[in-house]
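Structure record follows, encoded as structure tokens.
In our numbering, the protein residues as written are 7 to 221.
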């Protein structure tokens, strides 16, 4: 069962009874996504005129939306992997929680076809891929990776060495991997793969998060 839930900053997230976990932080869904993936991810790549992004876990589409809203001065190819897309009824309910000025953009993202490249605008191309992380097809290399699956505690199969070795091999030099996850085991795995790992202050309600760079 999926249920829409209000978070502390007034924005909304979803609760998955299957995983017994929220899609975003209860302390603020939008605040978390903006802090982790936009401020500490996309904005660290502001010098790129063209940027290729890989997202692990499309979920509500919030990260896609926030990235699109920040994409005015960059050309972005945005690939998002999701094994179990939400039903249209859930997306439509979530749509109603967003600011009116963002709803048309969100609809464009949600209505984009799966497993095809689709131009949301002249400078933002979205490729939503319906696939398990274990079998995802990575056909390009990436400058920025958003790791946003359910937590390793709830979904350990999405945080394995095999998956992240594949991602590492498709990261460009100086590419960044950013995630809310600060698990020690995960950070050690990234280091063993060859990434330079930094622990950053986390969003509200979370002490730490992780940034990893391919040198």
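Note that beta-carbon positions come from the ideal geometry of N, C-alpha and C, so glycine has one too.
Sequence-distant partners of residue 209 (beyond 5 residues in either direction) whose C-beta falls short of 8 Å from its own C-beta, in its chain, are 31, 33, 34, 37, 38, 41, 42, 186 and 215. With a threshold of 16 other beta carbon atoms within 10 Å, residue 180 falls short and is exposed. Sequence-distant Cβ neighbours of residue 99 in its own chain, meaning closer than 8 Å and more than five residues away, are 10. According to the DSSP assignment, residue 124 belongs to the beta strand (DSSP E) that extends over 123–127. For residue 170, the enclosing alpha helix (DSSP H) stretches over residues 167–175.
According to the DSSP assignment, residue 97 belongs to the alpha helix (DSSP H) that extends over 94–101.
Taken atom to atom, the span from the alpha-carbon of residue 155 to that of residue 188 is near 13 Å.
DSSP, read as helix, strand or coil, puts residue 215 in strand. With fewer than 16 other Cβ atoms inside 10 Å of its own Cβ, residue 90 counts as exposed.
Distances from the CA of residue 150 to each of 18, 16 and 45 were compared; the closest alpha carbon is that of 45. Between residue 130 and residue 86, the gap from beta carbon to beta carbon reaches 9 Å or more. As the crow flies, the alpha-carbon of residue 205 is around 31 Å from that of residue 136.
With a beta-carbon spacing of about 5 Å, residue 84 and residue 132 fall inside the 8 Å limit used to define contacts. Excluding residues up to 5 positions away in sequence, 195, 196 and 199 lie with their Cβ nearer than 7 Å to the Cβ of residue 170 in the same chain. Membership of residue 204 in the beta strand (DSSP E) is indicated by the continuous run 201–207. Contact between residue 47 and residue 184 holds: CB atoms are separated by about 4 Å, below the 8 Å threshold.
Residue 182 is not a Cβ neighbour of residue 92, given a cutoff of 9 Å. Per DSSP, the continuous alpha helix (DSSP H) segment holding residue 113 begins and ends at 106–117. The segment 10–39 contains, as complete beta strand (DSSP E) runs of 3+ residues, the segments 18–22 (chain order).
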